[in-house]
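Undergrad: Counting from 1, position 116 in the sequence shown corresponds to residue 265 in this note's numbering; the numbering is continuous, with no gaps.
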Amino acid sequence: QVKAKQMSYQIVQPTNQVRLTNVAVVRLSRHGHRFEVACYRNKIINYRQGTETDLSEVLQTERVFTNVSKGQFANSKTLQKCFDTSDETEVCRFILNKGDVQVSDQERAAQLESTIREVASMVSEKCVDPASRRPYTMAQIRDAMKNSGFMVHPTRNVKQQFLDCVKLLQKKGVLNIERAKMQLALVLVSTGDEGDDYVERRNNAISLLVEEGVARSDIVPPKGDDDTRIIFQSDPSLYRKMESIARNPSVQGRMEIIQQCVTEEGDVTLGSELERRAQQQQQNAINEEEKSSKVDASTLDNLSDKLQSNLIIEKNAPTLYDDNHEDSRTTNKKPVNSRKAQKAAQKKSKKAKRREKEEQAEREQRIAVEKTRQKERAERLGIVAGGVCTKVSSGDDQANGAEGGGEGGSTKPCNTCGGAFTSGEYRMHFRSDWHRYNVKLKMKGVAPVCEKEFLLCDADAFFY
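#1: Please work out which residues of its chain come closer than 6 angstroms, Cβ to Cβ, to residue 290, disregarding the five sequence neighbours upstream and downstream, and give them in chain order.
#2: Would you mind giving the Cβ-Cβ distance between residue 584 and residue 563, rounded to the nearest angstrom? I have them listed as a contact below 8 angstroms.
#3: Taking only runs of the alpha helix (DSSP H) that begin and end inside the region 194 to 220, which ones reach a length of at least 4 residues, in chain order?
#4: Residue 221 and residue 215: beta carbons closer than 7 angstroms?
#5: If we call anything under 7 angstroms between Cβ atoms a contact, is residue 318 one with residue 280?
#6: Please classify residue 438 as buried or exposed, where buried requires at least 16 other C-beta atoms within 10 Å of its C-beta.
#7: Under 7 angstroms, do residue 335 and residue 395 count as touching if we go by C-beta distance?
#8: When the Cα atoms are used, what is the spatial distance from residue 491 to residue 283?
#9: Apart from the five residues on each side of it in sequence, which residues of its chain come closer than 8 angstroms, Cβ to Cβ, to residue 462?
#10: Give a yes or no on whether the C-beta atoms belonging to residue 648 and residue 588 are separated by under 7 angstroms.
#11: With a threshold of 8 angstroms, are at least 3 pairs of Cβ atoms found where one atom belongs to the region 221 to 238 and the other to the region 179 to 191?
#12: Tell me the DSSP bridge mates of residue 402?
#13: Answer yes or no: does any C-beta atom of chain C fall closer than 7 angstroms to that of residue 348?
#14: Helix or strand or just coil, what does DSSP make of residue 616?
#15: Do residue 296 and residue 323 have their C-beta atoms within less than 7 angstroms of each other?
#16: Determine the direct distance from the alpha carbon of residue 356 to that of residue 189, and round the result to whole angstroms.
#17: Considering only the alpha carbon of each residue, which of 593, 391 and 602 lies closest to residue 515?
#18: Is residue 175 helix, strand or coil by DSSP?
#19: Closer than 8 angstroms by C-beta to residue 232: which residues in its own chain qualify, once you throw out the five before and the five after it? Chain order, please.
#20: Compute the beta-carbon to beta-carbon distance between residue 406 and residue 300, rounded to the nearest angstrom, for a pair I have assumed lies under 8 angstroms.
#21: Is the Cβ-Cβ distance between residue 251 and residue 174 less than 7 angstroms?
#22: Which runs of the alpha helix (DSSP H), 4 residues or longer, sit entirely within the region 562 to 608?
#23: What does the Cβ neighbour count give for residue 350, buried or exposed, with the cut at 16 atoms within 10 Å?
#24: Can you give me the C-alpha to C-alpha distance between residue 570 and residue 582, rounded to a whole angstrom?
#25: Using DSSP with H/G/I as helix, E/B as strand and the rest coil, what is residue 546?
#26: Thinking C-alpha only, which one of 308, 285, 237 and 288 is nearest residue 264?
#27: For residue 379 versus residue 354, is the C-beta spacing smaller than 7 angstroms?
#28: To which residues of the same chain is residue 377 closer than 7 angstroms at the C-beta, ignoring the five residues directly before and after it?
#29: Going by DSSP in three states, residue 300 sits in which element: helix, strand or coil?
#30: Using the Cβ count rule (16 or more neighbours within 10 Å means buried), how would you classify residue 429?
#31: Just to confirm the assignment, what range does the beta strand (DSSP E) spanning residue 382 have?
#32: Indicate the three-state DSSP secondary structure (helix, strand or coil) for residue 276 in the structure shown.
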């Protein structure tokens, strides 16, 4: 008994039990009995549309159930009574075609969203704005469908729903929309007769097209009398009538489709933006014209006021003047001469150039004086050109140098201060005040100083 209890605790699931996961149930009631089949999700629609024909890809198991959740199978007698066959494969096919699909909320919402997207894309592709001949965007179409109250059915034909949607949008006036026109060509077929008159048949065809609702502006004029193609644009709903016109005995032609939907490049938002910019430019031009007219009117008013004031002065002025007064009036007047103004401007520019040359000469003179001063100071202190002090090293110094060279290895030169240093002295030299001062002199364009000259001078004056 103890062993049996241990074994019962270990066995959790029967070996013959099949777990059905990701199940979509198709149910059918027939002759008072309920039958169900277990299918994979999203496979039932493919099977009914004909894209999937293999039952093993649609059914989880090729068995007919009376209750899938409880795992109850239907017996062969019931199948024979209700379906006139006991073959479960044929019964499964019948149930898949005629049964009701138990769809979850998420699947139903996904299917509805897919249908809405298909309808909106078809409206966006095949409809345009009558004014600009540009299509609407998907977002605009979906907003218009929502505002007009159009309800999409998940199982109805998409094309029929597209036609209903366009009619509802035109009726409610939510969008200014119409079907995009088709570009067609009516080709006149040769009859083989000697007196075949293409001009008469073309005229008959054009008159019939105009009677059926095709605008004359949508018909392309022929290239010549021998042109057998009549190219025109027509509403897609008139295509059957266009075919009947082509088969008319007075026309004797055939119909060809050149373009399904004739639209302009871009969308309605682009067209509205271009129109808005054109209107804005036109309004700016009108405003500029108004401003110019106002300025002209004001200038005319000013001139008229001046003329009137001059007339009043001349009327009120005395008639007798002495010669001295007239001479003073003529001498006080200073006429403006443009040539004099140009000469004055040239004089100003010459003065500026002369001032720049003088400043440049002063800078060069100061640099030359500074260089001579540095050279004299170097000669006075015994400095070789280049900033390195001339000194005679003693034997001890030479020995120390040799020892340092032996310890530190090869020496490294400093391009700023001159001289050679070992590796340890090289790092200390770059941190010294002497090297920092020479770097500042180099930045100012002045020759560097040697260590002997740096020690003779006041160190605080170098950095302030």
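Ideal Cβ placement from N, Cα and C applies to all residues, glycine included. In this text the structure is predicted, and so the values were computed from the model without any measurement.
TA: For this structure:
#1: If we look at residue 290 and ignore the five residues flanking it on each side, its Cβ neighbours are 269, 272 and 273.
#2: Indeed, because the Cβ distance is near 7 angstroms, the residues count as touching under 8 angstroms.
#3: Counting whole runs of 4 or more residues, the region 194 to 220 contains the alpha helix (DSSP H) stretches 204 to 207.
#4: Remark: C-beta atoms of residue 221 and residue 215 approach each other more closely than 7 angstroms.
#5: In this structure, residue 318 sits away from residue 280, with a CB-CB distance that is not shorter than 7 angstroms.
#6: When all chains shown are included, residue 438 counts as exposed.
#7: Yes. Within cutoff.
#8: Approximately 59 angstroms between the Cα atoms of the pair.
#9: Because residue 462 carries a pLDDT of 48, less than 50, the predicted location of this residue cannot be relied on, and no value is offered for it.
#10: As shown, the chain starts at 150 and ends at 613. That puts residue 648 outside it, with no answer to give.
#11: Enough Cβ pairs lie closer than 8 angstroms, so yes.
#12: Beta-bridge annotation (DSSP): residue 402 is paired with 337.
#13: Of the chains in the structure shown, none is chain C; there is only one protein chain.
#14: In the structure displayed, the chain extends from 150 to 613; residue 616 sits before or after that span and is not available.
#15: The Cβ-Cβ distance between residue 296 and residue 323 falls below 7 angstroms.
#16: Going from the Cα of residue 189 to the Cα of residue 356 covers about 59 angstroms.
#17: Closest by alpha carbon: 593.
#18: Annotated three-state conformation of residue 175 is strand, per DSSP.
#19: Result list for residue 232: 179, 239, 240 and 243, in chain order.
#20: Rounded to whole angstroms, the Cβ separation of residue 406 and residue 300 is 33 angstroms, and the two are not in contact under 8 angstroms.
#21: Yes, Cβ-Cβ distance for residue 251 and residue 174 is below 7 angstroms.
#22: DSSP assignment within the region 562 to 608 yields the following whole alpha helix (DSSP H) runs of 4 residues or more, N-terminal first: 572 to 579, 582 to 593 and 600 to 605.
#23: Burial call: buried.
#24: Each residue's alpha carbon lies about 16 angstroms from the other.
#25: Legend: pLDDT at residue 546 = 41, less than 50; position of this residue unreliable, value from coordinates given subsequently. Of the three classes helix, strand and coil, the one that applies to residue 546 here is helix, per DSSP.
#26: Among 308, 285, 237 and 288, the Cα nearest to that of residue 264 belongs to 308.
#27: Judged by their CB atoms, residue 379 and residue 354 are nearer to each other than the 7 angstroms cut-off.
#28: Setting aside the 5 residues that flank it on each side, residue 377 is surrounded in the same chain by 336, 337 and 347, each with a C-beta closer than 7 angstroms to its C-beta; the list follows chain order.
#29: Three-state DSSP puts residue 300 in coil, outside helix and strand.
#30: In this structure residue 429 is exposed. Its beta-carbon is surrounded by fewer than 16 other beta-carbon atoms within 10 angstroms.
#31: DSSP places residue 382 in the uninterrupted beta strand (DSSP E) bounded by 378 to 383.
#32: Strand, per DSSP.
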